[in-house]
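Trainee: Take this structure, written in structure tokens, and hold onto it; I'll ask about it next.
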Amino acid sequence: MAWKGEINSDGAHGESSLDSGHARLHELGYKQELKRDLSVLSNFAFSFSIISVLTGITTLYNTGLRYGGPLAMTYGWFVAGGFTMMVGLSMAEICSSYPTSGGLYYWSARLSGAKWAPFASWMTGWFNIVGQPLKTFSCQWAVTTSVDFSLAQLIQVIILLSTGGNNGGGYLASKYVVILFHGGILLIHAIINSFSIRWLSFFGQLAAAWNVLGVFVLMILIPCVATEKASAKFVFTHFNTENDSGIHSKVYIFVLGLLMSQYTLTGYDASAHMTEETKNADINGPKGIISAIGISIIAGWGYLLGITFAVTNIPYLLSSDNDAGGYAIAEVFYLGFKSRYGSGVGGIICLGVVAVAIFFCGMSSVTSNSRMAYAFSRDGAMPFSSFWHKVNHQDVPRNAVWLSAFISFCMALTSLGSLVAFQAMVSIATIGLYIAYALPIFFRITLARKSFIPGPFNLGRYGILVGWVAVLWVAIITVLFSLPVAYPISRDTLNYTPVAVGGLLLLTVSSWFLSARHWFRGPITNINT
């Protein structure tokens, strides 16, 4: 791993001729249309707040408990984290060479060669942009949908506990109220993302600080408050094989338990999508990717340990008959304070801390998604591209922002008809995003193995090895997370991940052969180089 050629520059918009990121963008054939005002800290903050361990672990803690429990979560976190870092290192190396908002799809075009560039960028771009909005409901639009819908569900639980709980006559909001919560959250996110990049930088850094402090406070407070604590032996060695899914193989259960960790550790491509707004992006973009993953691995493990030390009765936490209606972490927080102080108010406040973190996660996800939509439309890959590509007087792609929020809301509407259908779309998030991550890496270690010219950050002689590890890991999780999660298999228990991902693959390939191959030529430069 090596760094070279760091350039010291303020890199402000209008002075960015001194900025290495601006210079490289010009070399790649693009005008500086977005305001280049983000520091390395701000770039890191966007990825870190989208990964948001408070968001991923909280919303999928039930999955971790059900499939393997403490042992699978404690050690599975490092398994997923280690391989995720391999993916991140490979992406960082490519980002250093090609620091553009297009990110993954642009990389695929440059690395696949002139013959395959249009098709490669088309496939990568659509897997990336569709996936990201669902982590807010986790490919770009899928990420956004997943996260904000998770926040709406957490608000539903907070209201339930605040009004007496599931066993005390508390109010459980209907699915229609939850979808209204979701719409309101997206509206606020769209408004915030319409502000100038200076405001977004401030909110991004605030989000990062909130996540770090939130993890630190909760990992200490919750086990200290709980009157009944788990032993170290339970936390580090107990493997839960009791589930109502008809799965008894320990290996199978452990694999399913990895979903919580792998779902959480997504979204760090945001640092790449923000490079056209980052000073010295060929250096600071890679730093943002790597530091976001590394710090998230450490912070996430601390949060997992802290919460799990307060877990003593797994079946009860997963039961829909508890006060939180089966929302495991909410029940842990609520019971901890109620058992010690006679009131669960403190636990509800702690849930509020998590809710704010999820809110910031969704906000940053919309930011990242809008930049991807901006870059994709700049190259004419979207319907009405000229409209989505426009920037306002503050150099913000406002039309792309509102498009991202609207599509994320539409994706969430499927939950009104069938949660099974909705979960199928959400499944695109983890697998779809990682496929988009793996494609440019695969091209870099195969077609561009000898022609790739590294930027200031590079992996040296280890680049090919790390790249193959990253691609193989993505291939493995694509298969593993497509396996059935319950037996016997029925319409309600079928894992629709392969159906959803296969459907997206079919749509992108068919649209290419039926239409796009006649007019889409891949990334289009907008200046004479």
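Numbering (the UniProt record's numbering) for the sequence shown: 1 to 529. The beta-carbon is built from N, C-alpha and C at its ideal position, and this holds for glycine as well. Note that this is a predicted model, so its numbers are computed, not measured.
Helix, strand or coil for N392 per DSSP?
Mentor: Coil.
Trainee: Where V217 and G325 are concerned, what is the direct C-alpha to C-alpha distance, given to the nearest angstrom?
Mentor: C-alpha separation (whole angstroms): 25 Å.
Trainee: Nearest by alpha-carbon distance to N280: which of R36, Y30, T508 is it?
Mentor: The shortest Cα separation from N280 among R36, Y30, T508 belongs to R36.
Trainee: Measure how close the beta-carbons of S101 and T275 come, nearest whole angstrom, since I'm counting them as under 8 Å.
Mentor: That belief holds up - the Cβ atoms of S101 and T275 are roughly 7 Å apart, short of 8 Å.
Trainee: Taking only the alpha-carbon atoms, compute the straight-line gap between G56 and T264 and give it to the nearest angstrom.
Mentor: Taking the straight line from one Cα to the other gives about 4 Å.
Trainee: In whole angstroms, what is the alpha-carbon distance linking N240 and F481?
Mentor: The straight-line gap from Cα to Cα measures roughly 19 Å.
Trainee: Can you tell which of I431, N313, I155, A448 has its C-alpha closest to the C-alpha of P498?
Mentor: Of the candidates I431, N313, I155, A448, the one whose C-alpha sits nearest the C-alpha of P498 is I431.
Trainee: Could you have a look at N399 and say whether DSSP puts it in helix, strand or coil?
Mentor: Correct three-state label for N399: helix.
Trainee: For L38, does the three-state DSSP call read helix, strand or coil?
Mentor: If DSSP states are grouped into helix, strand and coil, L38 belongs with the strands.
Trainee: I need the straight-line Cα distance from R378 to Y434, nearest angstrom please.
Mentor: Computed Cα separation, rounded: 24 Å.
Trainee: Considering only residues of the same chain and omitting the five flanking positions on each side of S291, which have a CB-CB separation below 7 Å?
Mentor: Here the set comprises F44.
Trainee: Quick check on DSSP: helix, strand or coil for T414?
Mentor: Three-state result, T414: helix.
Trainee: Going by CA-CA distance only, name the one from R371, H189, L483, P99 that's closest to I358.
Mentor: With distances taken between Cα atoms, I358 lies closest to H189.
Trainee: Where are the alpha helix (DSSP H) runs, 4 residues long or more, that stay fully inside the segment 68 to 121, in chain order?
Mentor: For the segment 68 to 121, whole alpha helix (DSSP H) runs of length 4 or above, ordered along the chain, are 69 to 97, 104 to 111.
Trainee: If the criterion is Cβ atoms closer than 8 Å, does the pair I445 and G306 meet it?
Mentor: No.
Trainee: For the candidate residues A438, L25, I179, whose alpha-carbon lies nearest to that of A120?
Mentor: The shortest C-alpha separation from A120 is found at A438.
Trainee: Are the CB atoms of V157 and Y327 nearer to each other than 8 Å?
Mentor: Closer than 8 Å, so yes.
Trainee: Give the DSSP bridge partners of T278, in chain order.
Mentor: DSSP, once it has assigned bridges, lists L38 as partnering T278.
Trainee: Any idea what DSSP makes of F457, helix, strand or coil?
Mentor: Strand at F457.
Trainee: List the whole-angstrom C-beta distance separating L161 from Y334, where the pair is believed to meet the contact cut-off of C-beta under 8 Å.
Mentor: Yes, L161 and Y334 are in contact; Cβ-Cβ is about 6 Å, under 8 Å.
Trainee: Mind checking if D323 is an interface residue toward chain D, Cβ cutoff 8 Å exclusive?
Mentor: Chain labels in this structure do not include chain D; a single protein chain is all it has.
Trainee: Of the choices M91, S415, G467, whose alpha-carbon is the least far from that of P286?
Mentor: Ranking the options by Cα distance to P286, first place goes to M91.
Trainee: Determine the contact status of D148 and G362, defining contact as a CB-CB distance below 8 Å.
Mentor: Closer than 8 Å, so yes.
Trainee: Out of C224, N369, H393, which one is the CA nearest neighbour of F127?
Mentor: Ranking C224, N369, H393 by Cα distance to F127 puts N369 first.
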